[in-house]
Every structure is written in C-alpha cells, then in structure tokens.
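Q:
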Amino acid sequence: MKNAASSVFHVARRGRNALFAAALLSLSSLASAAGDEPGSKDHPLVTRFAGATIRAYSQTQFDEAFLPNQPINDEKTAKGLNLEGKVTRISYRIGDGRSTLEVERNYLDALQKGGFQILFRCTAEQCGSELQSLVINSGRMRQAGGGDANFGGKHRTILAKLPRPSGDAYVFLHIMDDSASNQRTLVYEEVVEVKPMQTGQVKVMDSSALQKGLAATGKVALYGIYFDTDKAQVKPESKPQLDEMAKLLTGNPALKVYIVGHTDNQGAFARNADLSQKRAEAVAQVLASTYRIAPARLVAKGVASLSPVASNGDDAGRAQNRRVELVQQ
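Be aware that the sequence shown starts at 1, since it is given in full-length UniProt numbering, and climbs by one per residue.
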C-alpha cells in the first residue's frame, strides 16, 4: 500500500508545521482536477486522495449537522453528534481500481498524523444495517442527489475530531466500493468546524408586527423559534419570540390561530411531515402551558416541505423554508 503522503496530500497540522502545511494545502487547492464540480475545492483541513475528482460540493458558514458516532440499525432512532458551525460537504470519485481499504488507511494515517482523534471507525456490517442508508438517502447528511453513491459494496466509515482553541473540527468520511460495476471508489466527506453562531441576523417580530402581518396577509413567518436538528423540543433561545406571540394572543382574546410547522425538502417526506407536526404541537404546548393561552385557540399543523417560500436548491433557500408560521383561523 502507498504511504499516506503519496495518496492523501496533507492534513493540516497544529504547531510549528502549521504554516508550512497551510502553504502546501493552498497550492494544491489552486489547481482543480479535471472533472471537478465547478466552484468546488478541497477542505483545507484534509485534501483529497490522489487522483480523486469532486462530484458534488456545498459549504455553509453556519448550519446544523448530524454525525454518527456509533453503529446505526434504525434511521429513526439514530444517535450521534448534533453539531453547529461551518459545514462543508464533498463527494469524491476515485478511479484506477483503488480499494476502500487503501483509501481508508491513507485517510486514517493522515488524520492521525495531523493531530486528529479517531472517535468512531467501522466496516460494512460493523456499521449497523442502516448507517449507509442514513448517509446516502436520509437527507440528514449527504444531500439527496449529491454526487455518486452505491449500496451493497464494501463500505468504511471514520469520524475524527481535531481539538482547536478556535473551535473543534470534525471530519466524517464514508468510503464506498463501486468496483463491481465501475472500478471506482466513492468518498463522502463532511467537515464541521464548530463555532458560535453570529447573532443579530434574525429580528424577533414584536406583537405589533405580528398583528400587522396577520391583518395584511393572514399569516406571519417566524424565524425566531429554534429546534435542534431532527428534534421537536423548543429551545430556550426561542423565548423572546414566544413572549411576543403570547402578548399578541393575550391582547386579542378572540384571535384563534394555526401554528404551522414547515421544513425544507431534505430527507424523506413522511419523516419531515411527522417532524413538522411535532414541532408545531410543541410550540402550541408551550403557549398553552407557559403562557396560559387556551388550547382551543391553537391548532397545530405540520406541512413538511409543501409550502416553500424559496428554492430548496441551496442552503440559503432551505434556511428560509425551515420556519414556523402563525396563521389566522
């Protein structure tokens, strides 16, 4: 097997070698390989296996991410790390008959030499019966239709962590064998750089603005209600917006509303429909239990991705579509 330096260019190191490694990484990323997705590039923390091409690429400055850290036998009850920060997703294709073992060993060696801690590693059946489905089809990780994918062949998974004063970085790798039909190996890479969210980007709508919105259009989109990834529990950061919703309802005792949950189109529709319904119910429950709003005035409905306000084709659009709406009955 080739050594790591010959197959995976570099993993950025901490300390005295960091500047040198960064320079090498910058030089290597300037020349995109033929066949790369336009606008794509390697992540500076870990470059591609030699000869790989990028088939799909996305990067979001702040988003939520779910990374498995144990075998997955049921997508619906999957457990892992729920992270927030800068998220980069890359799908690679490697030709020349490279095996998943060779690719995995090279990545593993480079990660360890770069100061990463290996949190989870598995091969095929050791990964559980549904980890690959979670990665490829669920929409919770690799975006649907993003790059190549193959079920049934040999697959290997690595989750690694790089502790950093500026915020820890996580690298998730899912390596798939497609040699039976195409003599190629596929790699899905997700890098999450944990960092605090830039605040002040969303304004809480006060009760007056809510009332004006209902009078004008019969509905108001709320972006100040927060949930963890794939969860329906209302987060404490939602309190300012909930306070204003309660003020509106308390000041207008005859007002009845629908609380409507919306999602983007990532993942299975049935799952999103269930999640949006539960989130709407959670908001209604908080208004009833904490603010003493009569439950009869609140009807919770979840509509999944049936009513987008923007294209689901990019991260910005999907962020607009993930919302709670207040709709006058």
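A virtual CB, placed ideally from N, CA and C, is assigned to each residue, including glycine. Computed from a predicted structure; not experimentally measured.
So ARG323 is in the beta strand (DSSP E); what residue range does that whole segment cover?
A: Taken as a continuous stretch (DSSP letters only), the beta strand (DSSP E) holding ARG323 covers 323 to 328.
Q: Does DSSP put TYR107 in a helix, in a strand, or in coil?
A: The three-state reading of DSSP puts TYR107 in helix, counting H, G and I together.
Q: Would a C-beta distance cut-off of 8 Å place LEU210 and LEU287 closer than the cut-off?
A: no
Q: Taking DSSP as the reference, what is the three-state secondary structure of GLY213?
A: helix
Q: Ordered along the chain, which non-local residues of its own chain (more than five positions away) have a Cβ less than 7 Å from that of VAL204?
A: Excluding residues up to 5 positions away in sequence, GLY224, PRO240, GLN241 and GLU244 lie with their Cβ nearer than 7 Å to the Cβ of VAL204 in the same chain.
Q: For LEU131 versus ILE72, is the C-beta distance shorter than 8 Å?
A: yes
Q: ASP177 lies in the beta strand (DSSP E); which residues open and close that run?
A: 169 to 177
Q: Can you tell me where the beta strand (DSSP E) with VAL191 in it begins and where it stops?
A: 185 to 194
Q: Output the distance between the C-alpha atoms of SER207 and ASP314, rounded to the nearest integer angstrom.
A: 31 Å
Q: Taking its Cβ as the centre, do 16 or more other Cβ atoms sit within 10 Å of ARG164, making it buried, or is it exposed?
A: By the 10 Å Cβ count, ARG164 comes out exposed.
Q: Is the region 97 to 113 in contact with the region 163 to 178, if contact means three or more CB pairs nearer than 8 Å?
A: yes
Q: Sorry if obvious, but does the Cβ on LEU119 come closer than 7 Å to a heavy atom of the ligand COA?
A: This structure simply doesn't include the ligand COA, nor any ligand for that matter.
Q: Roughly how many angstroms separate the alpha carbons of ALA296 and PRO253, rounded to a whole number?
A: 12 Å
Q: For VAL90 versus TYR57, is the C-beta distance shorter than 8 Å?
A: Reading off the sequence shown, one finds Ile at residue 90, where the question assumed Val. It is a contact, given that the beta carbons lie within the stated cut-off.
Q: Taking TYR226 as the reference, give the member of LYS41, ILE118 and ARG323 with the closest Cα.
A: ARG323
Q: Hey, how far is the Cα of GLN266 from the Cα of THR47?
A: 27 Å
Q: Three or more C-beta pairs under 8 Å: does that hold for the region 80 to 88 against the region 60 to 67?
A: yes
Q: With THR100 and THR157 assumed to form a contact (beta carbons below 8 Å), what rounded beta-carbon distance in angstroms separates them?
A: Wrong, their Cβ atoms sit about 10 Å apart, outside the cutoff.
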